[in-house]
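Down below is the structure, laid out as structure tokens.
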Amino acid sequence: MPENFKAYLKNSWGLTQEEVDRLKNFIKTKPVRKDEYLLRQGEICKMTFFVEQGLLRFYALNENGKSDILQFAPENWLVSDRGSVYFNEPSHYFIDAVENSTVILIDTQFIDRISEISPSFRKYNERLLHNHIRHLNKRVSLLLGASAKTRYLDFVKLHPDVLLRVPQWMVASYLGITPESLSRVRRDLASKNFGVK
Amino acid sequence: MSTKTIELIAAPKAPHFVGDGFRVHNFIPSGFRLDMERMSPFILLDYNSKFHFPPSEKPKGVGVHPHRGFETVTIAYKGKVQHHDSSGGGGIIEEGGVQWMTAASGVLHKEYHEAEFSKKGGDFQMVQLWINLPAKDKMSTPKYQGFANNSINKYQLEENQGTIEVIAGQYKDVTGSASTFTPLHLLNAKINKGGKADFDFPAHYNTALLVIEGEVKVNDTDTVNLDHFLLFENKGETFQIEATEDAVILVLSGEPINEPIAAQGPFVMNTREELMQAMNDYNMGKFGYLED
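Line order of the protein sequences matches chains Y and U. Residue 156 in the numbering used here sits at position 156 of the first sequence, and the numbers go up by one each step. Residue 35 in the numbering used here sits at position 35 of the second sequence, and the numbers go up by one each step.
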């Protein structure tokens, strides 16, 4: 059984070991190759993906044809176009793999099953949804009003290892700044902390 | 004294690219039984088997990345590599040369095909090894040891059978060129067809070899083909390599560092907390800055 997902079921969805055991046969894993898509614009998103191992990104194409990254999903993150799933409407977004990854497929069937098995699931899941909304509000607020440096510092706190795993332009895209601006922020920090001129 | 027994002979796995300039087969730590503990202090071995790179105006390679907690050893068999780091250091590893970089507390660097080599294109063949550092030295000051081929100490085998380049450690009465933090031997055995060389390392040292050129027979019994890797069991001390064709063999043997390993990406530390610290230091610019 995928170890990260097992821990997630217990810690974030409040399942007991016995409930996890009962759910075992309903867990569907899927290997995803780097650059492979799990969702494309125009498709209806049918599920949420839990990242057991690897790294996914969730992005939109902007008016200039460039990708705006809304979310990185490394290990133990969920990623989905929730709007497309819930309202059964075509997605504006893409989900693809930045690294070779393994994901767990959380579809309606799985949600039905877990709800049957675990009485606490819905309560925990609601908490996760609100946590996600809180996270998104903070993202919007930072994008509207924070300096590049503040956005960067918030990002590395949330995702300490992602800067090491993706090209810098992806981080710049996530932060809503140019790659040059990201370089400037990193150079300024190095200047302060390493003495680089 | 007894003969070392062979644990496994591994064929190279499918190659993957590191950046766009290094097409490598990984032998350590992924796959086989060669995790970081099994081959300690050798915790990674990426082998770019001989591969022809066509001419490229833009040198191929690996962009800016950090390292902490270990040493990288780059051995250039074919082609040339250029490198730069955040402390302003840089240089070229020439064909036949070795660069021994002690990343220790932290280095931010990039590695590319040397500009002229890149423009002309050509055969490229390299080994990159990561050698772990004991906890007490993980945060020591970074340093480089660079050796052109003519500055690597050598032992001449009798009757023109070949040459043993002693990169580090010891072979017979020749001491290695590079200094190391823990006891280890790193040798390039260049043996002519029909030639033989004997080796003697303690049983508890983790010992292996990689056939870079030609084909060899080990202990008179097992044939090891080109680009194959042989791991010895931790039993016995001596072994013999006989070249059935003109051969170049990288021989590695080292005393294991029996400390916990916490590794992620370019950092190899002892604890999860030290790894988090390394990531945080990298994110906060404490490795310096280097333009891609």
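Glycine included, C-beta positions come from ideal geometry on N, C-alpha and C. In this text the structure is predicted, and so the values were computed from the model without any measurement.
Consider the Cβ of residue i: report whether some Cβ of chain Y lies at a distance smaller than 8 Å.
i: residue 286/U; result: yes
i: residue 264/U; result: yes
i: residue 47/U; result: no
i: residue 276/U; result: yes
i: residue 289/U; result: yes
i: residue 280/U; result: yes
i: residue 153/U; result: no
i: residue 15/U; result: no
i: residue 234/U; result: no
i: residue 283/U; result: yes
i: residue 215/U; result: no
i: residue 19/U; result: no
i: residue 2/U; result: no
i: residue 6/U; result: no
Inspect the beta-carbon positions of residue i and residue j and report whether they are closer than 8 Å.
i: residue 110/U; j: residue 83/U; result: yes
i: residue 67/Y; j: residue 183/Y; result: no
i: residue 103/U; j: residue 65/U; result: no
i: residue 195/U; j: residue 245/U; result: no
i: residue 249/U; j: residue 241/U; result: yes
i: residue 176/U; j: residue 169/U; result: yes
i: residue 38/Y; j: residue 49/Y; result: yes
i: residue 75/Y; j: residue 51/Y; result: yes
i: residue 60/U; j: residue 118/U; result: yes
i: residue 207/U; j: residue 4/U; result: yes
i: residue 99/Y; j: residue 55/Y; result: yes
i: residue 27/U; j: residue 229/U; result: yes
i: residue 57/Y; j: residue 265/U; result: no
i: residue 211/U; j: residue 247/U; result: yes
i: residue 288/U; j: residue 189/Y; result: no
i: residue 204/U; j: residue 254/U; result: no
i: residue 194/Y; j: residue 175/Y; result: no
i: residue 62/U; j: residue 89/U; result: no
i: residue 157/U; j: residue 167/U; result: no
i: residue 232/U; j: residue 131/U; result: no
i: residue 122/U; j: residue 53/U; result: yes
With DSSP run on the structure shown, which of helix, strand or coil describes residue i?
i: residue 117/Y; result: helix
i: residue 293/U; result: For chain U, the structure presents residues 1 to 292; residue 293/U sits outside this window and is missing.
i: residue 145/Y; result: helix
i: residue 197/Y; result: Summary for residue 197/Y: the model assigns pLDDT 49, below 50, so the residue's position carries little reliability, and this model does not support an answer.
i: residue 179/Y; result: helix
i: residue 111/Y; result: helix
i: residue 13/Y; result: coil
i: residue 21/Y; result: helix
i: residue 94/U; result: coil
i: residue 201/U; result: coil
i: residue 71/U; result: strand
i: residue 188/Y; result: helix
i: residue 122/U; result: strand
i: residue 132/U; result: strand
Can you find a C-beta in chain U that's less than 8 Å from the C-beta of residue i?
i: residue 200/Y; result: No answer is possible for residue 200/Y: it lies beyond the span of chain Y, which begins at 1 and ends at 197.
i: residue 33/Y; result: no
i: residue 97/Y; result: no
i: residue 76/Y; result: no
i: residue 103/Y; result: no
i: residue 149/Y; result: no
i: residue 7/Y; result: no
i: residue 142/Y; result: no
i: residue 189/Y; result: yes
i: residue 165/Y; result: yes
i: residue 161/Y; result: yes
i: residue 156/Y; result: yes
i: residue 194/Y; result: yes
i: residue 36/Y; result: no
Which residue or residues does DSSP assign as beta-bridge partners of residue i?
i: residue 291/U; result: Residue 291/U is not bridged to any residue.
i: residue 61/U; result: 112/U
i: residue 154/U; result: 165/U
i: residue 198/Y; result: Nothing about residue 198/Y can be read from this structure; chain Y reaches only from 1 to 197.
i: residue 241/U; result: 197/U and 218/U
i: residue 141/U; result: Partner(s): none; residue 141/U has no beta bridge.
i: residue 230/U; result: 9/U and 209/U
Is any beta-carbon of chain A found at less than 8 Å from that of residue i?
i: residue 248/U; result: Reference to chain A is not applicable here, since the protein chains of this structure are Y and U.
Given 8 Å, three or more beta-carbon pairs between the stretch 268-288 of chain U and the stretch 226-243 of chain U: no
Sufficient close CB pairs (3 or more, under 8 Å) joining the stretch 81-98 of chain U to the stretch 144-159 of chain U: yes
Inter-stretch contact at 8 Å, needing at least 3 Cβ pairs: the stretch 120-127 of chain Y / the stretch 78-95 of chain Y: no
Segment contact flag, the stretch 180-190 of chain U with the stretch 160-175 of chain Y, C-beta cutoff 8 Å, min 3 pairs: no
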